[in-house]
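Written out below as C-alpha cells is the structure these notes cover.
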Amino acid sequence: MRAYLSRRYVISASHRLYSKDYSEEKNRAVYGKCSNPHGHGHNYVIEVTVGGQVDPVTGMVCNLADLDSCVQRTVIDRFDHTNLNFDERFTHEVPTTENLCIAIHNLLAEHFVHADLERVRVEETRNNFFEYAGKGKHGALNNR
Ligand code: NI
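Right under this line is the structure:
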C-alpha cells in the first residue's frame, strides 16, 4: 500500500538573477528588476513529497521527525537567511528558483533514506512555483 506524505517548510533568502555569460545590459533585458545589483528577497515555501509503503506497525510512510530533521540539516540550515548567490552551489549557476528547486531535490535525494523522495516544489511567490521530480521521473506522481 503506497502512500505519499507532503510537508511544507519556509525559508527566507535573497538572490540576484545575473548570468556571468551576459553583459549588464543583457542581464537587465533578460531578468528585469530581478537583476538589480543589490538583490531582493523571497519567503520560499518548500514542499517536499516522499512516498513509500505504509508501515503496518506504525501506520506511517515515514516518521515526520526524520523528514524534518533531514530537511533542517540539509536545506534550512544551509539556505535560510542567506544570499543564495554566495552559496557554492550557485558559483556557476544562476540562483533562479528552478535551480534552487533542483538543488534542494538533489540534497534530499542524497541524504533522506527513510522513504522515496518523489518531488520537491518551491513557491517563490504566491503566483510562481517550480517543481522537480528528479532525473527521468517527470510525471512520476501520475504514473503510479
Ligand atoms: Ni527573485
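In our numbering, the protein residues as written are 813 to 956.
Every residue gets a Cβ at the ideal spot worked out from N, C-alpha and C, and that includes glycine.
None of these values were measured; they are calculated from a predicted model.
Residue i versus the options, residue with shortest Cα-Cα distance
{"i": "S824", "options": "K947, F942, E935, Y944", "result": "E935"}
{"i": "M872", "options": "Y816, D899, S847", "result": "Y816"}
{"i": "H926", "options": "N939, G863, R933, E837", "result": "G863"}
{"i": "R885", "options": "V866, D899, H923", "result": "H923"}
{"i": "L829", "options": "I914, F942, T908", "result": "T908"}
{"i": "D878", "options": "R933, E910, D928, C846", "result": "D928"}
{"i": "R938", "options": "V883, S847, H854, I914", "result": "H854"}
{"i": "N897", "options": "C846, K838, V842", "result": "C846"}
CB-CB length for residue i against residue j, believed under 8 Å
{"i": "R819", "j": "L876", "result": "7 Å"}
{"i": "L920", "j": "V860", "result": "6 Å"}
{"i": "V822", "j": "V857", "result": "6 Å"}
{"i": "N895", "j": "G844", "result": "Not confirmed; about 19 Å, so no contact."}
{"i": "Y944", "j": "H917", "result": "5 Å"}
Distance between residue j and residue i (C-alpha atoms, nearest Å)
{"i": "R931", "j": "Y834", "result": "32 Å"}
{"i": "F902", "j": "D892", "result": "15 Å"}
{"i": "D889", "j": "R814", "result": "30 Å"}
{"i": "G946", "j": "I914", "result": "8 Å"}
{"i": "Q865", "j": "V906", "result": "37 Å"}
{"i": "P849", "j": "D899", "result": "17 Å"}
{"i": "K832", "j": "R933", "result": "27 Å"}
{"i": "F941", "j": "E910", "result": "9 Å"}
{"i": "K838", "j": "S826", "result": "21 Å"}
{"i": "T870", "j": "E836", "result": "56 Å"}
Burial state of residue i, where buried means 16 or more other Cβ atoms lie within 10 Å
{"i": "P868", "result": "exposed"}
Beta carbon proximity, residue i to chain D, threshold 9 Å
{"i": "R828", "result": "Of the chains in the structure shown, none is chain D; there is only one protein chain."}
- Message: I need the residues with a C-beta less than 7 Å from some heavy atom of the ligand NI; please give them in chain order.
- Response: Chain-ordered list of matching residues: H827, L829, C846, H852, H854, E936.
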